[in-house]
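If you're matching positions, the sequence shown starts at 1 in UniProt numbering and goes up one per residue.
Virtual Cβ for every residue (Gly too), placed ideally from N, Cα, C.
Each remark here refers to the structure printed beneath this line.
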Amino acid sequence: MLDIRRLRLLRELAQRETIAAVAAALNYTPSAVSQQLTALEREAGVPLLERTGRRVRLTPAARTLVGHAETILAVLEQATAELADARTQLTGALRIGAFPTAVRTIVSPALVALSSAHPRLELFVSELDPALAPGALRAGTLDIALVQDYDYVPVEPDPALDTEPLLTETIYLAALSTESLPAHRDSPWIASTPETLCHTMTVRACQAAGFTPRIRHHADDFGTVLALVAAGQGVALVPELGIAHPPPSLTLTPLPTSRRTHLAYRRGTADHPAIRAARSALHRTVEGTYVA
1 MLDIRRLRLL
11 RELAQRETIA
21 AVAAALNYTP
31 SAVSQQLTAL
41 EREAGVPLLE
51 RTGRRVRLTP
61 AARTLVGHAE
71 TILAVLEQAT
81 AELADARTQL
91 TGALRIGAFP
101 TAVRTIVSPA
111 LVALSSAHPR
121 LELFVSELDP
131 ALAPGALRAG
141 TLDIALVQDY
151 DYVPVEPDPA
161 LDTEPLLTET
171 IYLAALSTES
181 LPAHRDSPWI
191 ASTPETLCHT
201 MTVRACQAAG
211 FTPRIRHHAD
221 DFGTVLALVA
231 AGQGVALVPE
241 LGIAHPPPSL
251 TLTPLPTSRR
261 THLAYRRGTA
271 DHPAIRAARS
281 ALHRTVEGTY
291 VA
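Right, dumping it as structure tokens:
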């Protein structure tokens with residue numbers, strides 16, 4: 001019989017590619033991960049890993065097993081959800097992850113509704129970059145998260161997760177003038193931290209306009225970004241959620257490109273009562289404030 005915990009480790013290795021990354025994500029030691037994967041190979045009766053020095057690759061049999069593991073883990077999640085649905089009152093922990101502007105504008109109002117409707121539900125919020133959310137969901141450190149993608153930064157679907165649309169936003173050029181995006185090829189730019197989705201979006205949008213931006217400042221809070229623009233320190237691209245109460249000196253020019261926010265959760269958990277309640281509260285918040 002194949003061990004579920006070991007199947008989860010193999011699934012994580014397929015996603016994270018190194019044993020060290022799996023160990024860090026799941027709070028194991030690398031040697032413990034290696035031992036568990038070796039035990040899984042014995043259970044499977046076929047080689048699952050090809051070892052080259054310190055690196056490992058999944059064999060074709062392992063990749064087949066990962067596909068089955070995704071299905072098995074989703075069915076277990078669904079069974080847990082159905083058992084939870086049999087309880088008379090919603091209790092336990094619900095861990096929500098979201099990017100900073102969503103925590104402020106969407107998640108916080110939704111928490112008020114959730115706390116009022118389900119006072120015994122323990123709510124935990126983690127602010128994080130959307131690129132980190134899928135891994136946290138797979139590892140079980142989050143239960144539901146707000147993730148995003150841009151026209152210029154599409155995101156590959158994760159087979160361990162289900163998603164649903166929540167909000168589509170316009171991207172704005174924030175500047176002190178009404179000039180178009182191509183006119184700012186020589187301007188200093190303000191962007192998010194490198195390797196974040198927002199940073200990549202800024203670079204690719206500018207490249208699509210015919211230039212590579214000269215990024216002078218990095219800031220992940222859009223309020224800070226707008227303050228730097230108002231101080232004459234550069235121009236920036238800011239999504240709709242980030243432009244609440246802009247400095248009066250700014251010009252915000254809508255661009256023909258969008259950011260899409262989705263709700264993401266592990267496959268099989270959509271009808272867990274806590275996840276269902278969170279999905280409903282988050283959708284109601286958006287529908288009451290924004291055009292989805």
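Nearest-angstrom beta carbon gap, residue j and residue i [assumed within contact, 8 Å]
i	j	result
Thr251	Leu176	7 Å
Glu70	Ala160	6 Å
Ala93	Val107	Contact flag wrong, Cβ pair sits at about 16 Å.
Leu166	His262	6 Å
Gln36	Leu9	5 Å
Ala205	Pro182	Wrong, their Cβ atoms sit about 11 Å apart, outside the cutoff.
Separation of residue j from residue i, as counted between CA atoms
i	j	result
Ala102	Phe222	11 Å
Arg104	Pro246	15 Å
Thr269	Gln233	46 Å
Ser116	Arg276	15 Å
Pro134	Cys198	17 Å
Thr289	Ala61	49 Å
Glu12	Pro256	37 Å
Asp129	Thr64	31 Å
Ala25	Ala136	8 Å
Asp162	Ala145	11 Å
Ala20	Ser126	23 Å
Leu121	Ala227	38 Å
Local conformation of residue i per DSSP, three classes
i	result
Val229	helix
Val153	strand
Thr178	coil
Thr224	helix
Ala139	helix
Thr261	strand
Val164	Val is not the amino acid found at residue 164; the sequence shown has Glu there. Correct three-state label for Glu164: strand.
Pro134	helix
Ala93	strand
Glu17	coil
Which residues DSSP lists as bridging residue i, in chain order
i	result
Pro254	Tyr172
Gln148	Thr261
Unbroken stretches of the alpha helix (DSSP H), 4 residues or longer, contained in the stretch 26-88
30-44 and 60-85
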